[in-house]
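Residue numbers (this note's numbering): 19 to 102. All C-beta atoms, glycine included, are put in the ideal place defined by N, C-alpha and C.
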Amino acid sequence: MRRITLGILSFFWLSFACFANDTIALKPGAQTEFNSKEKTIIRAAMGNPSIATLDVLSKNKLLISGQAIGETTLLLWYRNQSEP
């Protein structure tokens, strides 16, 4: 899994299985929108909700909110897919 080190910056890492294990950084209190234009999301799970939470905006959009410094994983299930 690819990781990026930002030294002493107070970021947390959020690894997205849906981005082929890409990593993004959010500050606590910051938000980012995940948009799956081609696929319908049928289930989403955040590994550690004390680090980041998610809200469903539509069938293909999620809002991810940073809660604390740390690392977590977001798993997404798409239509006709039995595993994330």
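Residue i burial status per 10 Å Cβ neighbour count (16 or more: buried)
{"i": "LEU75", "result": "exposed"}
{"i": "ILE82", "result": "buried"}
Span separating the alpha-carbon of residue i from that of residue j
{"i": "LYS45", "j": "ILE69", "result": "10 Å"}
{"i": "LYS55", "j": "TRP95", "result": "14 Å"}
{"i": "GLN99", "j": "ALA86", "result": "31 Å"}
{"i": "ALA62", "j": "ILE42", "result": "17 Å"}
{"i": "ILE60", "j": "ARG97", "result": "6 Å"}
Integer Cβ distance of residue i from residue j, believed to fall under 8 Å
{"i": "THR50", "j": "LYS77", "result": "About 18 Å; that fails the 8 Å criterion."}
{"i": "LEU80", "j": "LEU72", "result": "5 Å"}
{"i": "THR90", "j": "ASN66", "result": "4 Å"}
{"i": "GLY88", "j": "GLY47", "result": "So it is not a contact: roughly 14 Å between Cβ atoms."}
Closest by C-alpha distance to residue i, when choosing among the options
{"i": "PRO102", "options": "MET64, ALA48, GLY47 and THR41", "result": "MET64"}
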